[in-house]
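Counting along the sequence shown from 1, when you hit position 224 you're at 224 in UniProt numbering, and nothing is skipped either side. Virtual Cβ for every residue (Gly too), placed ideally from N, Cα, C. Since the structure comes first, as structure tokens, the remarks are kept for the end.
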Amino acid sequence: MSSLPACGLQYDVSLKARNTFGVDARAAVLARVADIGALQTLLAQKQFANLPRLILGGGSNILFTRDFDGLVLLPEFRGMAITHESGDLVHVRAGAGESWDALVRWSLAQGLCGLENLALIPGHVGAAPIQNIGAYGIEFAEVCAAVEIHDVAIGTTRWLSREQCGFGYRHSIFKMPEAANWIVTAVDILLTRQAQLRLDYAGLREQLQAQNIDTPTAADVADAVTQLRLRKLPNPALIGNAGSFFKNPIVMNTVAKQLQLKHPTLPTWPTPDGLSKLSAAWLIESCGFKGLRDGDAGVSSQHALVLVNHGAASGAQLWALAQRIQASVRQHYDVLLLPEPMVI
Ligand SMILES: Cc1cc2nc3c(=O)[nH]c(=O)nc-3n(C[C@H](O)[C@H](O)[C@H](O)COP(=O)(O)OP(=O)(O)OC[C@H]3O[C@@H](n4cnc5c(N)ncnc54)[C@H](O)[C@@H]3O)c2cc1C
1 MSSLPACGLQ YDVSLKARNT FGVDARAAVL ARVADIGALQ TLLAQKQFAN
51 LPRLILGGGS NILFTRDFDG LVLLPEFRGM AITHESGDLV HVRAGAGESW
101 DALVRWSLAQ GLCGLENLAL IPGHVGAAPI QNIGAYGIEF AEVCAAVEIH
151 DVAIGTTRWL SREQCGFGYR HSIFKMPEAA NWIVTAVDIL LTRQAQLRLD
201 YAGLREQLQA QNIDTPTAAD VADAVTQLRL RKLPNPALIG NAGSFFKNPI
251 VMNTVAKQLQ LKHPTLPTWP TPDGLSKLSA AWLIESCGFK GLRDGDAGVS
301 SQHALVLVNH GAASGAQLWA LAQRIQASVR QHYDVLLLPE PMVI
């Protein structure tokens, strides 16, 4: 068995620059793996095979509340290519280690449509299926044809169809116990040459109008989404955050109706499976947390759903604030807010 190149491994390493909260947690071992062969070589070594494992992409959906006393794996699988076309449909394959936004831009440059509403979401391609990323009216599930996984427990690599991925709102099979040993290595997505633009999401048409664009192309939509996101969301390069910290809670319609009777301004939306989604941002703001600061842990004054690190907050401090928010929303509305990022 060949040994890993020295640059692939680091010991007792800070993860501060590897999570967008900028939390100063440490990993016992960090390994960059460029392909499945390198991954297998690494895990064939006993001292690594038995360590607790964490897969890390861009670190934009994770909160470290402590050091990780195990092996942090960085899949750096590369490549973006059109694999085949039939009629208007174009299959694109991308490696898990590619930047998601780079894939969006690359696909637009190839004249392909379908990813424009998902522009500027931070992170890597391999993480897109994990929480079924979504924005501006589109979810990853809608463009996903298949996801390639490597099962490190049995050493096999296989493709899962979209149906097998069990996608839901910020959910997929990859969050379930059966996926504990899986690493997403690549995704296959299905795009089109003819644009079928989705412009109904709040603010998108207005943004295009403000840019004097009457008949937008997919690239125009991506630019408009980019402008909106830059304006509405705090930039992790300037202030640590992981985007929305809580999912919009999904409740029975009767519960949503009762809440709306008491609180007519609470936004709710129907879900495809006949339930109601509540605005977590509204619930948090109405409990008085928007813009609140507790030491260096805070809630963004731009967006009530976004927890921010003003500088030196620890993950434990951010998590304590998140729990305060959860308790307050529970107390006022009897609704449970669930975190969107993975909390370590
Ligand atoms: C400013 C900002 C805005 C955001 N906006 C949105 C948004 O609009 N919509 C949205 O859905 N999300 C949004 N997010 C969240 C985040 O960008 C996405 O969830 C993104 O897909 C995370 O990618 P990542 O590579 O950073 O994942 P990481 O944070 O590194 O990992 C997230 C989870 O995925 C797992 N994982 C990562 N890679 C793999 C892999 N190859 N195989 C198996 N498991 C893996 C990790 O173990 C972890 O559980 C935002 C975040 C920020 C900071």
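Close beta carbons around residue i, own chain, < 7 Å, minus the five adjacent residues each side
i: SER14; result: ASP24, ARG26
i: GLY203; result: LEU228
i: SER2; result: Only weak support exists for where SER2 lies, its pLDDT of 40 falling under 50; the coordinates are left without a value.
i: PRO5; result: Legend: pLDDT at PRO5 = 47, less than 50; position of this residue unreliable, value from coordinates given subsequently. There are no such residues.
i: ALA146; result: TRP159, LEU160, SER161, ARG162, ASP188
i: THR65; result: GLY315, ALA316, TRP319, VAL343, ILE344
i: ASN248; result: LYS277, LEU278, SER279, ALA280
i: GLY137; result: ASN117, ARG198, ASP200, TYR201
i: PRO270; result: SER276
Alpha helix (DSSP H) segment containing residue i, residue limits
i: VAL332; result: Note that residue 332 corresponds to His in the displayed sequence, not to Val. That run of the alpha helix (DSSP H) goes 315-333.
i: THR41; result: 36-43
i: PHE67; result: First, the residue type needs correcting, since residue 67 is Asp and not Phe in the sequence shown. Note, ASP67: premise wrong, no alpha helix (DSSP H); not H, not E.
i: ARG53; result: Careful: ARG53 lies outside any alpha helix (DSSP H), inside the beta strand (DSSP E) at 53-55.
i: ARG162; result: Taken as a continuous stretch (DSSP letters only), ARG162 belongs to no alpha helix (DSSP H), as it is neither H nor E.
i: ASP223; result: 218-232
i: GLN10; result: From DSSP, GLN10 is part of no alpha helix (DSSP H) but of the beta strand (DSSP E) over 9-14.
i: ARG18; result: No alpha helix (DSSP H) holds ARG18; DSSP gives it neither H nor E.
i: LEU49; result: Note on identity: in this sequence residue 49 is Ala, with Leu being the wrong assignment. From DSSP, the alpha helix (DSSP H) with ALA49 extends over 46-49.
Residue i beta carbon near ligand 3 (any heavy atom closer than 8 Å)
i: PRO75; result: Summarising the ligand content, the structure contains ligand 1 and does not contain ligand 3.
Endpoints, beta strand (DSSP E) assigned at residue i
i: GLY240; result: 240-244
i: ILE189; result: 182-192
i: GLU85; result: 80-86
i: LEU336; result: Careful: LEU336 lies outside any beta strand (DSSP E) and carries neither H nor E.
i: ALA27; result: 26-33
Close beta carbons around residue i, own chain, < 8 Å, minus the five adjacent residues each side
i: ALA219; result: LEU108, GLU116
6 Å Cβ shell around residue i - same chain, five flanking residues per side excluded
i: GLY8; result: ALA31, ARG32
i: ALA127; result: GLY57
i: LEU150; result: In the sequence as displayed, the identity of residue 150 is His instead of Leu. Closer than 6 Å at Cβ, skipping near neighbours: ILE36, THR157, ILE183, THR185.
i: ILE55; result: LEU73, ILE183
i: GLN326; result: LEU337
Quiz item: Are the stretch 293-308 and the stretch 260-277 in contact at 8 Å, needing three or more beta carbon pairs?
Solution: no
Self-check item: Length at least 4, wholly inside the stretch 98-152: the alpha helix (DSSP H) runs in chain order
Solution: 100-109, 140-143
Quiz item: Is the stretch 227-241 close to the stretch 164-184, with three or more CB pairs under 8 Å?
Solution: no
Quiz item: Along the chain, which unbroken stretches of the alpha helix (DSSP H) at least 4 residues long are found entirely within the stretch 234-309?
Solution: Counting only runs of at least 4 residues, the stretch 234-309 fully encloses the following alpha helix (DSSP H) elements, listed from N- to C-terminal order: 253-262, 280-286.
Practice problem: Give a yes or no on contact between the stretch 282-290 and the stretch 299-307, applying the rule of three or more CB pairs nearer than 8 Å. | Solution: Contact between the stretch 282-290 and the stretch 299-307 is present: 3 or more CB-CB pairs across the two stretches fall below 8 Å.
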